[in-house]
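Undergrad: My numbering runs 95 ahead of the 1-based position in the sequence shown.
The C-beta atom is built at its ideal place from N, Cα and C for all residues, glycine as well.
My questions will all concern the structure given below.
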Amino acid sequence: MCIPLGIVMGLWNQVYRMLELLIEMARPIPPPVIVPVAMLFFGLGDEMKIFVIAFSCAWPVLLNTYDGVRSVDRVLMHTGRTFGLSRGKAITKIVFPAALPQIMTGLRVSLGIMLILVVISEMVGSSDGIGYFVLDSQRRFKVDQMYAGMLSLALTGYALNQLFLLLYNSILAWHKGLTRAS
């Protein structure tokens, strides 16, 4: 949802202006503050975790998409129109590929936020998961288990980042070549 909305906001400034106040008010809310509110609406289940994570991870993707679209060279758009591309084709063939490096950066930032929030939501509102395990180990003074949980989180974060970089590099191989050439 964030990528299409970011594209629309980037292409039509009036849509951005219409949503700007809402975005700028909601964006700075710290994710841990959302957890108790989400617990009231969704209970302690997975719905609460999904809501908190989606709410918090939306901002880097939305704003990077918006900025990526706004950064597209207007000459490219005019050239596409000259060659007879419809507005829809111009978006899919020019705007989206040109904004994709920034969109992927937003997704990478959101990946780190997601891992943090999964752990926080498990610590606060769950009776299972690695976050709960670390907190429970700390409460029971099982320091070795607590550190093992922290190490598994670090390794999970590293592995997720490396997998994302593989995806990033395969999708944006053309972009790496362009940036090396300039």
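Consult DSSP for I124 and reduce its assignment to one of helix, strand or coil.
TA: The residue labelled residue 124 in the question sits at position 29 within the sequence shown. Coil at I124, not helix or strand.
Undergrad: Between the C-alpha atoms of F146 and M96, what's the straight-line distance to the nearest angstrom?
TA: Locating residue 146 in the sequence shown gives position 51, counting from the first residue. Locating residue 96 in the sequence shown gives position 1, counting from the first residue. About 14 Å.
Undergrad: Look at the alpha carbon of V204 and the alpha carbon of P131, and state the distance between them as a whole number of angstroms.
TA: Within the sequence shown, the letter at position 109 stands for residue 204. Within the sequence shown, the letter at position 36 stands for residue 131. Distance between the alpha carbons of V204 and P131: 24 Å.
Undergrad: Do I98 and I198 have their C-beta atoms within less than 8 Å of each other?
TA: In the sequence shown, the residue the question calls residue 98 occupies position 3. In the sequence shown, the residue the question calls residue 198 occupies position 103. Yes, Cβ-Cβ distance for I98 and I198 is below 8 Å.
Undergrad: Excluding five sequence neighbours on each side, which residues of the same chain lie with their C-beta closer than 6 Å to the C-beta of V200?
TA: Taking the sequence shown and counting its residues from 1, the one referred to as residue 200 is at position 105. First, the residue type needs correcting, since residue 200 is Thr and not Val in the sequence shown. Result list for T200: N159, in chain order.
Undergrad: How is the alpha helix (DSSP H) around M104 delimited, first residue to last?
TA: One-based indexing of the sequence shown puts residue 104 at position 9. From DSSP, the alpha helix (DSSP H) with M104 extends over C97 to L106.
Undergrad: By DSSP, does V235 sit in helix, in strand, or in coil?
TA: Reading the sequence shown from its first residue, position 140 is the one you call residue 235. In the sequence under discussion, the amino acid at residue 235 is Arg, which differs from the Val named in the question. In the structure shown, R235 sits in coil (DSSP, three-state: anything other than H, G, I, E or B).
Undergrad: Using the beta-carbon count (16 or more within 10 Å), is V170 buried or exposed?
TA: For the purposes of this step, residue 170 is identified with residue 75 of the sequence shown, where counting begins at 1. That one is exposed.
Undergrad: Can you list, in chain order, the residues of its chain with a C-beta nearer than 6 Å to that of L210? Leave out the 5 residues immediately preceding and following it.
TA: Numbered from its first residue, the sequence shown carries residue 210 at position 115. So the list reads G252, once near-sequence residues are dropped.
Undergrad: For K144, count neighbouring C-beta atoms within 10 Å of its own C-beta (all shown protein chains included) and say buried if the count is 16 or more, exposed if not.
TA: Indexing the sequence shown from 1 puts residue 144 at position 49. Buried is the call here.
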